[in-house]
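In the working numbering, the protein residues as written are 7 to 184. For every residue, glycine included, the Cβ atom is placed at its ideal position computed from N, Cα and C. Here's the structure, in C-alpha cells; my notes come after.
Shown next as C-alpha cells:
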C-alpha cells in the first residue's frame with residue numbers, strides 16, 4: 007500500500023507540476039506575442055474574456071494546480087498507455103488535442119462547438135489554437151520524458167518553478183485587487 011501511495015503522489019506531482027509550468031511558459035509567450043491585452047479588450051472577445059490586468063486573471067497560472075489534479079484523476083487509469091508504451095507522449099498529446107481542445111463538452115474557444123455555437127469569429131478562435139497545441143505538446147512530452155529519465159534535480163527544479171508561479175500569481179492578484 008505504501009508503494010502504491012508513493013506512486014500516486016509522484017504521478018500527481020509530475021502531472022500537476024508539468025501542466026502548471028508549461029501552461030505558464032506558453033501562456034506568457036502567447037500573451038505577449040499575440041497581444042492578448044489588445045485582443046481581449048476589443049470586439050466579441052471583450053465580452054467573452056476578462057481583461058489581462060484583472061486580478062482574477064493574475065491568479066490563473068497558480069490555479070492551474072487544480073487542473074493538474076483533475077488531469078491526474080483522469081489520466082491515472084491510462085498511465086501505462088502513455089508512460090510505458092512506445093510513442094506514449096504522442097498518444098497523450100493526441101488525447102489532449104481530441105478531448106481538451108477540439109472536442110470539449112461546451113463551446114470553448116478553438117473547439118468545434120466553439121466554432122459552431124459562439125459568435126466569436128472562427129479566425130479569432132483559430133488564433134488561439136497554436137498556444138493550445140504547443141502547450142499540450144510540451145505537457146505530453148515533459149511527462150513522458152520525466153518518467154523515462156527520472157532525476158531528483160527535476161523534482162527540485164519543478165518545486166522551485168511551481169512555487170515561483172504560485173508566488174507571482176498571488177502577488178499579481180494582491181497588487182491588482184487593491
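Give the secondary structure of residue 159 by DSSP, where H, G and I count as helix, E and B as strand, and everything else as coil. Looking up residue 159 in the chain shown gives position 153. DSSP places residue 159 in helix when its eight states are reduced to three.
Assuming contact is defined by CB atoms lying nearer than 7 Å, are residue 149 and residue 24 in contact in what I supplied? Counting from 1 along the chain shown, the entry for residue 149 is found at position 143. Counting from 1 along the chain shown, the entry for residue 24 is found at position 18. In this structure, residue 24 lies closer than 7 Å to residue 149 by Cβ.
Nearest to residue 46 (by Cα), restricted to the options 38, 39, 40 and 55: The residue you call residue 46 lines up with position 40 of the chain shown. Distance check between residue 46 and each of 38, 39, 40 and 55 places 55 closest, using alpha-carbon atoms only.
Tell me, to the nearest whole angstrom, how far the beta carbon of residue 17 is from that of residue 99; I am working on the premise that it is less than 8 Å. Your numbering for residue 17 matches position 11 in the chain shown. Your numbering for residue 99 matches position 93 in the chain shown. Between residue 99 and residue 17 the Cβ distance is about 18 Å, and since that is not below 8 Å, they are no contact.
Is it the case that the region 110–130 contacts the region 160–170, given that we only count it when at least three CB pairs across the two stretches are under 8 Å? no
Around the Cβ of residue 68, are there at least 16 other Cβ atoms within 10 angstroms (buried) or fewer (exposed)? Along the chain shown, one-based indexing puts residue 68 at 62. The residue in question, residue 68, is buried, as its Cβ has 16 or more Cβ neighbours within 10 Å.
Kindly indicate which three-state DSSP category residue 115 falls into: helix, strand or coil? Reading the chain shown from its first residue, position 109 is the one you call residue 115. Three-state result, residue 115: coil.
Backbone CA spacing between residue 11 and residue 140 [nearest angstrom]: Taking the first residue of the chain shown as 1, we reach residue 11 at position 5. Taking the first residue of the chain shown as 1, we reach residue 140 at position 134. Each residue's Cα considered, the two are about 32 Å apart.
Could you give the distance in angstroms between the alpha-carbon of residue 93 and the alpha-carbon of residue 40? For this step, residue 93 is matched to residue 87 along the chain shown. For this step, residue 40 is matched to residue 34 along the chain shown. Cα to Cα, the separation comes out at about 31 Å.
With distances taken between CB atoms, is the gap from residue 182 to residue 64 smaller than 7 Å? By 1-based counting over the chain shown, the position of residue 182 is 176. By 1-based counting over the chain shown, the position of residue 64 is 58. A contact, by the Cβ cut-off of 7 Å.
Contacts around residue 133, its chain only, beta-carbon distance under 7 Å, and the 5 residues preceding and following it disregarded: Here residue 133 refers to the residue found at position 127 when the chain shown is read from its first residue. 40, listed in sequence order.
Please list the terminal residues of the continuous alpha helix (DSSP H) segment that includes residue 51. Within the chain shown, residue 51 is the residue found at index 45, counting from 1. Where residue 51 is concerned, the enclosing alpha helix (DSSP H) stretches over 49–54.
For chain C, is any of its Cβ atoms less than 7 Å away from the one on residue 172? Here there is only one protein chain, and chain C is not present.
Of the residues 179, 70, 123 and 42, the one placed nearest residue 57, counting alpha carbons only: Within the chain shown, residue 57 is the residue found at index 51, counting from 1. Taking only the C-alpha atoms, the option nearest residue 57 is 42.
Quick check on DSSP: helix, strand or coil for residue 222? In the structure as shown, the chain starts at 7 and stops at 184, and residue 222 therefore has no counterpart that could be examined.
Hey, would you say residue 66 sits closer than 7 Å to residue 26, going by beta carbons? The residue labelled residue 66 in the question sits at position 60 within the chain shown. The residue labelled residue 26 in the question sits at position 20 within the chain shown. Contact flag unset, no.
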